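In the order they appear, the protein sequences are chains A and B.
For any residue, its number in this note's numbering is found by taking its place in the first sequence, counting from 1, and adding 663.
For any residue, its number in this note's numbering is found by taking its place in the second sequence, counting from 1, and adding 72.
Cβ coordinates follow ideal geometry from the N, Cα and C atoms, glycine included.
Predicted, not measured: the structure shown is a model, and the values here were computed from it.
See structure below.
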Amino acid sequence: MNCDAVTRALPLYYYGELAAEVEEGVEDHLQACASCQAELERQRTLAAALDSRALAPDSTLLAECRHDLARAIYREEAPDARRRAADPWGLFREAFRSLWHPGIRFVQPAGALALLAIGFFAARVIPSWRVNSNEEPISAGSIVSSIRSVQPDNTGRVQISLDETRRRVISGRLDDQNIRRLLLAAAREQDNPGVRVESVGLLKDQCTSAETRGVLLEAVLHDPNPGVRMKALEGLKSFAADPEVRRTLAQVLLKDQNAGVRIQVIDLLITRQDPATIGVLQTLIGKEDNGYVRMRCQNALREMNASVGTF
Amino acid sequence: MLPDAAGAVDARAAAKLDEAAVIRAVQRGDADAFERLVRAYDQSVLRVAMNLLRSPEDARDVYQEAFLRVYRNIHTFRFDCSFHTWLYRIVTNICLDHLRKRKVRREEASVVDTADGPVDRMDSFEQEGAQSDPERRLWNSQLSTRIQAALGDLTPRERMVFELRHYQGLRLRAIGDMLGTSEEAAKNCLFRATQKMRAVLGDLI
Chain A
664 MNCDAVTRAL
674 PLYYYGELAA
684 EVEEGVEDHL
694 QACASCQAEL
704 ERQRTLAAAL
714 DSRALAPDST
724 LLAECRHDLA
734 RAIYREEAPD
744 ARRRAADPWG
754 LFREAFRSLW
764 HPGIRFVQPA
774 GALALLAIGF
784 FAARVIPSWR
794 VNSNEEPISA
804 GSIVSSIRSV
814 QPDNTGRVQI
824 SLDETRRRVI
834 SGRLDDQNIR
844 RLLLAAAREQ
854 DNPGVRVESV
864 GLLKDQCTSA
874 ETRGVLLEAV
884 LHDPNPGVRM
894 KALEGLKSFA
904 ADPEVRRTLA
914 QVLLKDQNAG
924 VRIQVIDLLI
934 TRQDPATIGV
944 LQTLIGKEDN
954 GYVRMRCQNA
964 LREMNASVGT
974 F
Chain B
73 MLPDAAGAVD
83 ARAAAKLDEA
93 AVIRAVQRGD
103 ADAFERLVRA
113 YDQSVLRVAM
123 NLLRSPEDAR
133 DVYQEAFLRV
143 YRNIHTFRFD
153 CSFHTWLYRI
163 VTNICLDHLR
173 KRKVRREEAS
183 VVDTADGPVD
193 RMDSFEQEGA
203 QSDPERRLWN
213 SQLSTRIQAA
223 LGDLTPRERM
233 VFELRHYQGL
243 RLRAIGDMLG
253 TSEEAAKNCL
263 FRATQKMRAV
273 LGDLI
């Protein structure tokens, strides 16, 4: 291979995308040609410059995206579910249509039995759909069943025992006690950060009771999701002078792994000048890896006429 | 085959098997399975969109649009390619639309005009306070501006191929599959993209 061919092949060589025999030819040439080695070095420098520009989305953005998606899907499902609930015969029509789907014609006998079963369950479920006036109608799709046992008897009948979990939609004002109780529970919902972000976001504007403040403090200290911790911090803004809140914030500042959370905590702590805050900021500077957080700390200490380091 | 390699192949096969079961559950309308599927892929989808569009707002739009399309069309997925390829076809199409619209509007989401020329907001945020050496900062700022200009010179397709190969580490054959083109065409795109960038960055590298 000559220099021209090797220079043209270098980008693909760098990315390991050449056929084995061409790659071998490039390597043989490189061993003997200083000018092509320099070209390869330039390719590596270009790649390194581009690497330094790579962005990794932070966990807050990810949590928000997941939350937005859940809401969008709920919005897509909701009109359909409401239509079906308002028109129970729609369930039968849908079931009937699905039986004639080209891919499952062979299951028609089973489908007929399924229709009977749907009729049986629908008869049980439909009268109880409107539980009370504050609740959205419940669609059949929101009932989750798990079969516990199947017991045939001598008469040809079968007894099936099942647990049913029914999804309920409850709506009300934020000052409604039941709604607040549910929001407080949702703020601790372990498996769903999207629910925690939304609940804490609503509670933060209603941070009047000790219980609500306790939940927000707990979220700031222990919630694994930085999006939830940020929302809880917003709720604690009006209590930035409270000694218990300040103690918690100092702990968060020294242990939280998320730079965005640490910055927000600094902003809250420096709204009031006290010796404890100066000490915490000085301690943080000594161990902080993030240049931006360190700079914010230094600025805050200068504004408080405190020394940047500890002596 | 070495025992470790055999183990790795078994693990990949098991993961594929498990994923196929999850996809079938999604096709049956299982909401939990859909959430599992989203969580398996959503970080890489968001990373692609962020790096390509360099705007959290646009990346957020791409994320939502992509997974909504998956949700609406998963019943048409027939396992004739991997789910990863199918999903990335959706993601790359949406990103290409964004890039093409931007080309028409001649704008870059994160680029703002300053007295020193156009600057990428995302880059300046990352570097703020992190480098105290003024010379180094100036060089980085020039490099960042020139990289931005170089990327702006690429066609949306070249930029996509470059992004998927350089930042996401995907093979050109897979990239060709995702973009509905051949491996050879993807190779040409990567080659052209690299040449254009070297031409623009010339004296800095």
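Inset, instruction - With 8 Å as the limit, tell me which residues of the stretch 253–270 of chain B have their beta carbon closer than that to any beta carbon of chain A; keep them in chain order. - result: K259, L262, F263, T266, Q267, M269, R270
Inset, instruction - Report yes if the C-beta distance between A:V908 and A:L899 is below 7 Å; otherwise report no. - result: yes
Legend entry - Range of the contiguous alpha helix (DSSP H) that encloses A:F902: First-last for A:F902: undefined, no H or E at that position.
Legend entry - Three CB pairs or more closer than 8 Å across the stretch 119–136 of chain B and the stretch 254–273 of chain B: no
Legend entry - Minimum C-alpha distance to A:V935 - residue among A:L912, A:R734, A:G864: The identity of residue 935 of chain A in the sequence shown is Arg, whereas the question assumes Val. It is A:L912.
Inset, instruction - Determine which residues share a DSSP beta bridge with A:S872 and list them. - result: Its beta-bridge partners do not exist; DSSP assigns none.
Legend entry - Residue-level contact to chain B via CB, A:E702, 7 Å cutoff: no
Inset, instruction - Would you check if the distance between the CB atom of A:Y677 and the CB atom of A:V689 is smaller than 7 Å? - result: no
Inset, instruction - Taking only beta carbons into account, state which residues of the stretch 720–731 of chain A come closer than 8 Å to chain B, listed in chain order. - result: P720, L724, L725, E727, C728, R729, D731
Inset, instruction - Taking only beta-carbon positions, decide if B:P128 is within less than 7 Å of chain A. - result: yes
Inset, instruction - Please check if any C-beta of chain B sits within less than 7 Å of the C-beta of A:Y676. - result: no
Inset, instruction - Look up A:V821 in the DSSP assignment and say whether it is helix, strand or coil. - result: strand
Legend entry - Below-7 Å beta-carbon distance, A:W763 vs any chain B residue: For A:W763, the predicted model reports a pLDDT of 42, less than 50, meaning its position is unreliable and no value from the coordinates is stated.
Inset, instruction - May I ask you to list, following chain order, the residues of the stretch 815–831 of chain A that have a beta carbon less than 7 Å from some beta carbon of chain B? - result: Against chain B - using a Cβ distance shorter than 7 Å - the stretch 815–831 of chain A contributes no residues.
Legend entry - Contact list for B:R132 against chain A, beta-carbon separation under 8 Å: L724, E727, C728, D731
Legend entry - C-beta neighbour in chain B for A:I933, strict 7 Å: no
Inset, instruction - Assign A:D826 to one of three DSSP states: helix, strand, or coil. - result: strand
Inset, instruction - Pull up the distance between the alpha-carbon of B:V110 and that of A:A726, whole angstroms please. - result: 12 Å
Legend entry - Beta-carbon contacts of A:G679 that lie in its chain and below 6 Å, excluding the five residues immediately before and after: none
Inset, instruction - Verify whether the separation of the beta carbon atoms of B:N123 and A:L718 is less than 7 Å. - result: yes
Legend entry - Between the CA atoms of B:N145 and B:S116 - distance to the nearest angstrom: Cα to Cα, the separation comes out at about 20 Å.
Inset, instruction - Tell me the start and end of each unbroken beta strand (DSSP E) in the stretch 215–249 of chain B that is at least 3 residues and wholly inside, in chain order. - result: none
Legend entry - Environment of A:S715 [buried if 16+ CB atoms lie within 10 Å]: exposed
Inset, instruction - Give me the Cα-Cα distance between A:M664 and B:F155, rounded to the nearest whole angstrom. - result: 40 Å
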